[in-house]
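Trainee:
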Amino acid sequence: MTPLQIIFILVAAMTLGAGLMVVTARNLVHSALWLILALFGVAIVYVLLQAGFLAVVQVVIYIGAIAILMIFAIMLTRNIATESGPRFSENWSWALVIALVLFGTLAWMLSGWEGIAAQAPAISPRFDTVRELGLALVSPDGFVLAFEVASVLLLAALIGALVIAWDRR
Amino acid sequence: MQHQDWLFIGVFLVLAPVFPAAALLIPRLLAPRKPNRIKLQTYECGVETIGDSWVQFRVQYYNFALIFLIFDIETVFLYPWAVAMDQLPLFAVVEGILFILILVAGLMWAWRKGVLQWS
Amino acid sequence: MFDPINAIAQWLAKLLAGWGLSSGLVNLILTLLGVVVVASFVLIVDIFLVWVERKVVARFQDRLGPNRLGPFGLIQPLADIIKLLIKEDITPVGADKVVYNLAPILALATVLMLWAVIPFAPTMLGADLNVGVLYIVAVGAVGTLGIIMAGWASNNKYALLGAMRTVALTIAYEVPMVISLLVPVILARSMSIHQIVNMQTIWYIVAAPLAAAIFLISAIAELGRAPFDLAEAESEIVAGFHIEYTGMKFGLFYAGELLHALTMGALFASLFMGGWRGPFVEQAPILGVLYLFLKAMFIYWVIMWVKYSLPRVRIDHMLNFNWKFLTPLALAVVMLTALADKALVEFGVSAGSLSYSLSMLAVNLLIGWITLSLLRSYARIERRRVAAPRPAASPEYSGVAKS
Numbered sequence: 362m363t364p365l366q367i368i369f370i371l372v373a374a375m376t377l378g379a380g381l382m383v384v385t386a387r388n389l390v391h392s393a394l395w396l397i398l399a400l401f402g403v404a405i406v407y408v409l410l411q412a413g414f415l416a417v418v419q420v421v422i423y424i425g426a427i428a429i430l431m432i433f434a435i436m437l438t439r440n441i442a443t444e445s446g447p448r449f450s451e452n453w454s455w456a457l458v459i460a461l462v463l464f465g466t467l468a469w470m471l472s473g474w475e476g477i478a479a480q481a482p483a484i485s486p487r488f489d490t491v492r493e494l495g496l497a498l499v500s501p502d503g504f505v506l507a508f509e510v511a512s513v514l515l516l517a518a519l520i521g522a523l524v525i526a527w528d529r530r
Numbered sequence: 050m051q052h053q054d055w056l057f058i059g060v061f062l063v064l065a066p067v068f069p070a071a072a073l074l075i076p077r078l079l080a081p082r083k084p085n086r087i088k089l090q091t092y093e094c095g096v097e098t099i100g101d102s103w104v105q106f107r108v109q110y111y112n113f114a115l116i117f118l119i120f121d122i123e124t125v126f127l128y129p130w131a132v133a134m135d136q137l138p139l140f141a142v143v144e145g146i147l148f149i150l151i152l153v154a155g156l157m158w159a160w161r162k163g164v165l166q167w168s
Numbered sequence: 017m018f019d020p021i022n023a024i025a026q027w028l029a030k031l032l033a034g035w036g037l038s039s040g041l042v043n044l045i046l047t048l049l050g051v052v053v054v055a056s057f058v059l060i061v062d063i064f065l066v067w068v069e070r071k072v073v074a075r076f077q078d079r080l081g082p083n084r085l086g087p088f089g090l091i092q093p094l095a096d097i098i099k100l101l102i103k104e105d106i107t108p109v110g111a112d113k114v115v116y117n118l119a120p121i122l123a124l125a126t127v128l129m130l131w132a133v134i135p136f137a138p139t140m141l142g143a144d145l146n147v148g149v150l151y152i153v154a155v156g157a158v159g160t161l162g163i164i165m166a167g168w169a170s171n172n173k174y175a176l177l178g179a180m181r182t183v184a185l186t187i188a189y190e191v192p193m194v195i196s197l198l199v200p201v202i203l204a205r206s207m208s209i210h211q212i213v214n215m216q217t218i219w220y221i222v223a224a225p226l227a228a229a230i231f232l233i234s235a236i237a238e239l240g241r242a243p244f245d246l247a248e249a250e251s252e253i254v255a256g257f258h259i260e261y262t263g264m265k266f267g268l269f270y271a272g273e274l275l276h277a278l279t280m281g282a283l284f285a286s287l288f289m290g291g292w293r294g295p296f297v298e299q300a301p302i303l304g305v306l307y308l309f310l311k312a313m314f315i316y317w318v319i320m321w322v323k324y325s326l327p328r329v330r331i332d333h334m335l336n337f338n339w340k341f342l343t344p345l346a347l348a349v350v351m352l353t354a355l356a357d358k359a360l361v362e363f364g365v366s367a368g369s370l371s372y373s374l375s376m377l378a379v380n381l382l383i384g385w386i387t388l389s390l391l392r393s394y395a396r397i398e399r400r401r402v403a404a405p406r407p408a409a410s411p412e413y414s415g416v417a418k419s
């Protein structure tokens, strides 16, 4: 195994473990903190995939904004963080079976795909991925429509969220 | 890409908590340890603590966090655009500005609606 | 070229390779050493900062400051550390032990992480990330988490209130900060801080003074220093999120805060004031470290100057200032900088030249002038509104009936 693979296995195990803790932790704030660790693990996986930009964006958006938003949401409630109810719904065994079947199907389908064993081509050090992304985002043969639609989508999200969350006195 | 640079970041990530953690371990050896019930109480300037420490926060915190989230995502989109600035034709620059203006409209809307007012 | 650090690194690499280690392992050991050197150097500077902070605040308040231990009181920070180390470590009842202990570690570690991407000298830099600017934002975001964890785990109302206030403030001011950071990225056409410093034959503070000012203001807000220190408003919530921390744990928060201020200074210096640039730095790269720290210390001093001169701002004023002034201004600066850059390059003015910088300065001055005149007309309306006669007893004005 190459060192990269060892790091990947460690990080993946950390991410999965943290994800498991998110759903099993009794305390909501602990769940949020475990979620942050899981999201951070995903960021490291992005780095291992040579996607540095996605990695920092993952940390900025998911940990810096969304996780904070979640913690704010928890703080908005009347103390529900330590409420001790059942952690699992009664149907958890069925959910486990379905999840395993889904995972198995996906793994089986992917193993049949010829790209699964292909090595990623090495990116030359002169190739700036962020610059290419920027060019693709606004070029007419690239994603310019998606780029502008994203802006409108963000606007809609802003207005929608505030209309719902904002109480007029 | 930049294996060497990310390796440095990775090693830093592992080592950075070690320094403060080591600083926390020294008092374990040196500092006295005489806890008692009064000393361990929650500090509220000498007044007896009443009730739970859970404070219910106002929804305003959440609103501002929402606006923050939207603008954070927006700016992240703009960074690749800014990096590629010298290779972009004029209309691509205008597209980026259009992107900003659409969100400025959102900010203006929130402003007019009074969402930005902390009361 | 006098460059002792790289010479030592090369000598070590040769020595280790001579012992029969593989090149990957040699690389790892050298990286490890590099990290340890950077981190311990920064931490030693941090200890020295305790003295600087105490001495400067004393001067601002017309006192002498520490002057008993050693020349000019230079040994004082060591005494401070010894005191903190032998203080009893109190974990309050009901605290969440793990999170409570993790929070101060995270607070200092995230500030340390920022130094990984700051170039110390032309040949001495830790990591030259092509996403350096966003990396800073990302690490700052993780730093906010330390505050939330500290506030929540302390099981104290004041701590939680202080933490939530800090976070609300930090995330609010992160918006103009992130937007203003776009301006040096546009000017340098790169997010790598190394590249941004390389491009600054003319300091970016000339071409982008408004972005620099916005960055400095939002950096002070992110630091939670006065005038934005309502997170630890002594009269309201005692000390804020670190109220329950004693001994070295408090010391870590304190050290983290001081170092964060210097780090912001170093970032400001790298992004807007040429970083390690200075006379003779091409001949002796080691001088770059000196220049960087001189500039960083200057900004640190400006931050202290602001801190000890201005009173605390109220939270609604603070948020108004952010959302209704700084953010629109930052967006306007980014849009006009992008347009002006395109126009200048179209007209054949190469980026980074003197005429380019001066034209950018003119654009900035224009935006500044428009902003000031807008503010002036707003102030005129506001003065008229305040001066208007209003019967105090009328429910329309007293505000009682509204709520």
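Chains as they are written, first to last, in our numbering: chain A, 362 to 530; chain B, 50 to 168; chain C, 17 to 419. Note that beta-carbon positions come from the ideal geometry of N, C-alpha and C, so glycine has one too. Given the structure is predicted, the values throughout are model-derived calculations rather than measurements.
1) Can the beta-carbon of B:Leu-73 be found less than 7 Å from the beta-carbon of C:Met-165?
2) Can you tell which of A:Val-408, A:Leu-437, A:Pro-482 and A:Phe-433 has its C-alpha closest to the C-alpha of B:Gln-53?
3) Name the chain B residues whose beta carbon is nearer than 9 Å to that of C:Arg-205?
4) Just the Cα atoms here: how many angstroms apart are C:Tyr-394 and A:Leu-506?
5) Run through chain C and tell me which residues come within less than 9 Å of B:Arg-82, C-beta to C-beta.
6) Kindly indicate which residue of C:Tyr-151, C:Glu-298, C:Met-180 and C:Phe-257 has the alpha-carbon position closest to the one of B:Leu-62.
7) For B:Val-60, which three-state DSSP category applies?
8) Expressed to the nearest angstrom, what Euclidean distance is found between the alpha-carbon atoms of A:Leu-377 and A:Tyr-423?
9) Considering just the uninterrupted stretch of the alpha helix (DSSP H) at C:Pro-135, what are its terminal residues?
10) Any C-beta of chain B sitting closer than 7 Å to the C-beta of C:Leu-345?
11) Given that B:Phe-106 touches chain C, what residues does it touch there, using C-beta distances under 7 Å?
12) Which first and last residues belong to the alpha helix (DSSP H) in which C:Trp-321 is found?
13) Would you give the residue range spanned by the alpha helix (DSSP H) that C:Asp-96 belongs to?
14) Hey, C:Phe-288 and C:Ile-221: beta-carbon distance below 7 Å or not?
15) Is B:Glu-113 close to chain C, meaning its C-beta is less than 7 Å from at least one C-beta of that chain?
16) C:Thr-47 to B:Val-60, Cα distance in whole Å?
17) Apply the 10 Å Cβ neighbour rule to C:Asp-62 and answer buried if 16 or more other Cβ atoms are within range, or exposed otherwise.
18) Who are the near neighbours of C:Tyr-261 in its chain, counting only those whose CB is closer than 8 Å to its CB and skipping five residues on each side?
19) For a contact defined as C-beta to C-beta under 8 Å, what are the partners of B:Leu-147 on chain A?
20) Pick from C:Trp-67, C:Gly-368 and C:Leu-130: whose alpha carbon is nearest that of C:Pro-87?
21) Checking the sheet assignment: what are the DSSP bridge partners for C:Leu-345?
22) Does the CB of A:Leu-506 have a neighbour CB from chain B at under 7 Å?
23) Could you tell me which chain B residues have their CB closer than 9 Å to the CB of A:Leu-430, listed as they occur along the chain?
24) Enumerate, from N- to C-terminal direction, the unbroken alpha helix (DSSP H) stretches of 4 or more residues contained entirely within the stretch 108–156 of chain C.
25) Go through its chain and collect everything with a Cβ distance to B:Leu-165's Cβ below 7 Å, but skip five positions before and after it.
26) Report all residues from its chain with a CB closer than 6 Å to the CB of C:Leu-290; omit the five preceding and five following residues, and keep chain order.
27) Classify C:Glu-298 as buried or exposed, calling it buried when 16 or more other Cβ atoms lie within 10 Å of its own Cβ.
28) For C:Ile-259, which residues of its own chain have a beta-carbon under 8 Å away from its beta-carbon, when the five flanking residues on both sides are left out?
29) Could you pull the start and end residues of the alpha helix (DSSP H) that A:Glu-451 belongs to?
30) Indicate whether A:Gln-419 and A:Ala-399 have their beta-carbon atoms separated by less than 7 Å.
31) Chain B partners of C:Trp-339, CB-CB under 7 Å?
32) Give every residue of the same chain whose Cβ lies closer than 6 Å to the Cβ of C:Thr-343, excluding the five residues on either side of it in the sequence, and list them in chain order.
33) Ignore the nearest five residues each way along the sequence and tell me which others in C:Val-365's own chain have a CB closer than 6 Å to its CB.
34) Between which two residues does the alpha helix (DSSP H) holding C:Val-426 run?
35) Can you list, in chain order, the residues of its chain whose CB lies under 6 Å from that of C:Phe-314, leaving out five sequence neighbours each side?
36) Would B:Ile-87 count as contacting chain A if we go by Cβ distances under 7 Å?
Mentor: In brief:
1) no
2) A:Val-408
3) Within 9 Å Cβ-Cβ: Ala-131, Val-132, Ala-133, Met-134, Asp-135 and Gln-136.
4) 38 Å
5) Glu-104 and Asp-105
6) C:Tyr-151
7) helix
8) 17 Å
9) Where C:Pro-135 is concerned, there is no enclosing alpha helix (DSSP H), although the beta strand (DSSP E) it sits in stretches over 135–137.
10) no
11) Met-180
12) 302–325
13) 92–101
14) yes
15) Checking the sequence shown, residue 113 of chain B turns out to be Phe, not Glu. It does; some Cβ of chain C falls within 7 Å.
16) 7 Å
17) buried
18) Pro-120, Ala-166, Ser-170 and Phe-269
19) Glu-509 and Ser-512
20) C:Trp-67
21) When beta bridges are read from the DSSP output, C:Leu-345 appears opposite no residue.
22) no
23) Tyr-111, Ala-114, Leu-115, Phe-117 and Leu-118
24) 113–130
25) Once the five neighbours on either side are set aside, the close Cβ partners of B:Leu-165 are Ala-159.
26) This sequence places Gly at residue 290 of chain C; Leu is not what is there. So the qualifying residues of the chain are Gln-216 and Trp-219.
27) Burial is judged here by how many other beta carbons sit within 10 angstroms of a residue's own beta carbon; C:Glu-298 has fewer than 16 and is exposed.
28) Ser-170, Asn-172, Tyr-174, Ala-175, Gly-178 and Ile-253
29) According to the DSSP assignment, A:Glu-451 belongs to no alpha helix (DSSP H), since it is labelled neither H nor E.
30) no
31) Leu-165
32) Val-191 and Pro-192
33) Ser-371 and Tyr-372
34) As shown, chain C starts at 17 and ends at 419. That puts residue 426 of chain C outside it, with no answer to give.
35) none
36) no
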